[in-house]
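2 protein chains.
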Amino acid sequence: MSVIEKQKNISRPIKLDFKGIPELELIELQLIEVLSDSKGTVRDMCSHILSAGGKRIRPLLVMHIGMAFGENSDELINTAVAAELIHMASLVHDDIVDESGIRRNKQSINGKWGNNFAVLGGDYLFAKAFAIMSQNGLNNSMNFMVEAIQRMCYGEILQAEDRYNTECTTEKYYEKITCKTATLLEACCGAGAVVAGAREIEIKLASEYGLNLGLAFQITDDILDLTGIASVMGKPKCEDLKNGILTLPIIKLLENQDYHNWIENIIEDRQFNDEIIDMVGLALMQTGIINECYETIRFHIEKAKNCLDFLPDSMCKDFLLSLPEMVYKRIN
Amino acid sequence: MSVIEKQKNISRPIKLDFKGIPELELIELQLIEVLSDSKGTVRDMCSHILSAGGKRIRPLLVMHIGMAFGENSDELINTAVAAELIHMASLVHDDIVDESGIRRNKQSINGKWGNNFAVLGGDYLFAKAFAIMSQNGLNNSMNFMVEAIQRMCYGEILQAEDRYNTECTTEKYYEKITCKTATLLEACCGAGAVVAGAREIEIKLASEYGLNLGLAFQITDDILDLTGIASVMGKPKCEDLKNGILTLPIIKLLENQDYHNWIENIIEDRQFNDEIIDMVGLALMQTGIINECYETIRFHIEKAKNCLDFLPDSMCKDFLLSLPEMVYKRIN
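Chains as they are written, first to last, in the numbering used here: chain A, 955 to 1286; chain B, 955 to 1286.
See the structure below:
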């Protein structure tokens, strides 16, 4: 699909899907190659993860940021693949933490093989990511990735500590989503820029682009959890809320005097039947909260796009500019 | 404690404990330092792990192998600390896999904080280990460690696949313990030698020393699980057997025609009361299997020691030669 076609697509709600982008094929092939030397259950888990697909937004970011500064290179592809493996590993472990049985319309690794195999499968993917970076001497990429993983763990732990906490603030929410999601997208952009030989200020701006894209991405994710279409999302509706993960729309509802007691009782009593879930969705629209959240996303999207002003025009820049818009309009 | 005192100690069963060795203090301080920037539950988990102690055999190996070739250095200490963090991370995750509630006479991380925090706590420790190596440019150490972690995951998965499998062979057992235990000790010695600037053949011999020490270490562990003193071991007796992990003594008992049906029934019916456990212990002694296993350990210990023939005499060499003997005589 050409960039112009992509631009057309973002004038309506879209399914985020990068099929047809040549770099995606490179990444898929490389992922298959990297995981092909596994055996037994490890191999089965890797195949399951690969076939479940995924948007591959992180490796695409690494590559497009890198190619906006220079040529494609093995270093860039390897960094991209390592980033996706880290993301995969974190999803496998997150599903254990959240006790999620479904991921991308398929059984999750813990759902299919149990927690014990899922812990080890995730570790294996982390190790593979580091093996790629280490064996190819990608020190700069590694520095970005290790920092990101530490923050991702910290963000997930913050989230676990704060379950069902109806006193959670917007500030705390931002700290959590920055760590658990945005930080890896930030690292992908930073690493892509460094690998391509960008200057310090360019690396900083690329990273800030990734950070804001990541924040926008997570806030849409949190809206879609509450209002999205389960079959498109590939997981049950309102899973976060049912797990006590209070996201921006819910925090805003808790801050609304008229709704505070009602939603607090629902959360504290953990009454999450279908009727209640639908009522929460309506309340979020009636109060204008969904709209406010989309405005917040718009803010981060503009901020992300502005970070790219310094880049000369190119196909890669076009892709990087369209990505935040696609994130805004996405339904999955 | 001087090396001579250590040598004296190994003429009787000993509690493996390296207190008094100056390098140990360095390692402890560095571990505390490295984990001191954590916050909240992560910090609590790190403190819990640090205060539970441990033999620190892996960092001591890195340092003594390194110092047998050259001077102590920051590179060596950082590699040593990373090795211990990787070991700690793997223990945290293994306890989830094995559903162990107790480790070193304290609650395990999953026992105290639950699986969800334990998954993330382990990930954090892995990330810390890689951060240290990455930020200090320890590429060679990293190559050894990423290879080891992949094999450790593979070994743990092999073990999980093979639970309660009464057809497990000695060959398979070796594959498992090589991957899950010996490979990290091998990597510690290889990394220590590389960091100290050893030649290729020396690195190979140092690694082989670590591999054989690791095999000896794991086989004694497996004997102690069946015959050891629970309070000294810091975990319940026969935990492996109860979890369906069939170790060398049990595999040998299964291969014994007279005992085959009896032990197979016990395993298949999962009848593990105290009386049965004591009877299994007696059977292992009556058949001479415990003795055979100690002979196997002796074989690996001699092999390990022979690998060090090429080293010039030094305090470090003395320590490295005494270590296998201590492993043989250990009660913990």
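All C-beta atoms, glycine included, are put in the ideal place defined by N, C-alpha and C.
So if DSSP puts residue i in a beta bridge, which residue, or which two residues, is it bridged to?
i        : result
K1060(B) : R1057(B)
I1019(B) : Its beta-bridge partners do not exist; DSSP assigns none.
R1284(B) : I968(B)
State yes or no: is the C-beta of residue i within less than 8 angstroms of the C-beta of residue j?
i        : j        : result
M1021(A) : C1270(A) : yes
A914(A)  : F1023(A) : Chain A is shown only over 955 to 1286; residue 914(A) falls outside these bounds and no answer can be derived.
I1231(A) : K1191(A) : yes
L1138(A) : H1254(A) : no
N1094(A) : A1145(A) : yes
I1019(B) : C1143(B) : yes
N1070(B) : A1114(A) : yes
V1281(B) : T1174(B) : yes
M1106(B) : M1087(B) : no
A1136(A) : G1168(A) : yes
T1241(A) : N1210(A) : yes
D976(B)  : I1285(B) : According to the sequence as given, residue 976(B) is Pro; it is not Asp. No.
Y1078(B) : V996(B)  : yes
I1177(A) : C1247(A) : yes
R1058(A) : G1188(A) : yes
N1197(A) : D991(A)  : no
L1004(B) : I986(B)  : yes
A1081(A) : I1103(B) : yes
A1006(A) : K1060(A) : yes
L1275(A) : F1226(A) : no
So, for residue i: in the same chain, excluding its five sequence neighbours on each side, which residues have a beta-carbon less than 7 angstroms away from its beta-carbon?
i        : result
Q984(B)  : I1031, V1035
A1184(B) : P1190, K1191
L1208(B) : T1120, H1214, I1217, E1218
F1264(B) : E1156, L1159
V1048(B) : First, the amino acid is wrong: residue 1048(B) is Asp here, not Val. Once the five neighbours on either side are set aside, the close Cβ partners of D1048(B) are E1110.
L1277(B) : L1167
E1162(B) : C1261
Kindly list the residues whose CB is nearer than 6 angstroms to the CB of residue i, restricted to its own chain and excluding five residues on each side of it in sequence; keep chain order.
i        : result
A1083(A) : A1036, L1039, I1040
A1072(A) : V1046, I1050, I1063, N1064
L1165(B) : A1136, E1140
I1131(A) : Q1172
N1097(B) : none
Excluding the five sequence neighbours on either side, which residues of its own chain have a C-beta within less than 8 angstroms of the C-beta of residue i, listed in chain order?
i        : result
K1126(B) : L1112, D1116
R1010(A) : F972, L978, I981, E982, E1038
Y1118(A) : G1198, L1200, I1221, E1222, R1224
G1235(B) : L1180, T1181
V988(B)  : V1035, L1039, K1082, I1086
D1028(A) : N1090
How far does the alpha helix (DSSP H) with residue i in it reach, from first residue to last?
i        : result
P1190(B) : Segment: none, P1190(B) is in no alpha helix (DSSP H) and carries neither H nor E.
A1141(B) : 1137 to 1149
P1287(A) : Residue 1287(A) lies beyond the stretch modelled for chain A, which goes from 955 to 1286, so this question has no answer here.
E1129(B) : 1124 to 1131
S1005(A) : 994 to 1005
K1257(B) : 1243 to 1260
G910(B)  : Nothing can be reported for residue 910(B): it is not among the residues displayed for chain B, which extend from 955 to 1286.
T1174(A) : 1154 to 1181
S1044(A) : 1028 to 1051
I1221(B) : 1211 to 1223
L1112(A) : 1093 to 1115
Y1078(A) : 1069 to 1089
G1235(A) : 1228 to 1240
Of all Cβ atoms in chain E, is any one closer than 8 angstroms to the Cβ of residue i?
i        : result
Y1128(B) : Of the chains in the structure shown, none is chain E; the protein chains are A and B.
Any C-beta of chain A within less than 7 angstroms: which residues of the region 972 to 998 of chain B qualify?
Answer set for the region 972 to 998 of chain B: G994, T995, V996.
Could you name the residues of the region 1132 to 1149 of chain A whose beta carbon sits closer than 8 angstroms to any beta carbon of chain B, in the order they occur along the chain?
Under the 8 angstroms Cβ criterion, the region 1132 to 1149 of chain A contributes no residue.
Chain-ordered residues of the region 1069 to 1092 of chain A with a beta carbon less than 8 angstroms from chain B:
Of all residues in the region 1069 to 1092 of chain A, only N1069, N1070, F1071, V1073, L1074, G1075, G1076, D1077, Y1078, F1080, A1081, K1082, F1084, A1085, S1088, Q1089, G1091 come within less than 8 angstroms of chain B when Cβ atoms are compared, listed by chain position.
Just by C-beta distance, which residues in the region 1229 to 1256 of chain A are closer than 9 angstroms to chain B?
Only those residues of the region 1229 to 1256 of chain A whose C-beta falls short of 9 angstroms from the nearest C-beta of chain B would be listed, and there are none.
Report the residues of the region 1145 to 1178 of chain B with a CB closer than 8 angstroms to any CB of chain A, ordered along the chain.
When CB distances to chain A are screened at a threshold of 8 angstroms, not a single residue of the region 1145 to 1178 of chain B falls below it.
Can you list, in chain order, the residues of the region 1031 to 1052 of chain A whose Cβ is nearer than 9 angstroms to any Cβ on chain B?
Residues passing the 9 angstroms Cβ filter: A1043, S1044, H1047, D1048, I1050, V1051, D1052.
Which residues of the region 1006 to 1028 of chain B have a Cβ closer than 8 angstroms to any Cβ of chain A? Give them in chain order.
If you check each beta-carbon in the region 1006 to 1028 of chain B against every beta-carbon of chain A, none falls closer than 8 angstroms.
Along the region 1106 to 1128 of chain B, where does the CB come closer than 9 angstroms to a CB of chain A? Name the residues.
Contact annotation: in the region 1106 to 1128 of chain B, residues whose CB is within less than 9 angstroms of a CB in chain A are M1106, C1107, Y1108, E1110, I1111, L1112, A1114, E1115.
Tell me which residues of the region 1259 to 1277 of chain B have at least one Cβ-Cβ distance to chain A shorter than 7 angstroms, keeping chain order.
Within the region 1259 to 1277 of chain B, no residue qualifies.
Could you list the residues in the region 1178 to 1200 of chain B with a C-beta less than 9 angstroms from some C-beta on chain A, going in chain order?
Along the region 1178 to 1200 of chain B, there is no position whose C-beta sits under 9 angstroms from a C-beta of chain A.
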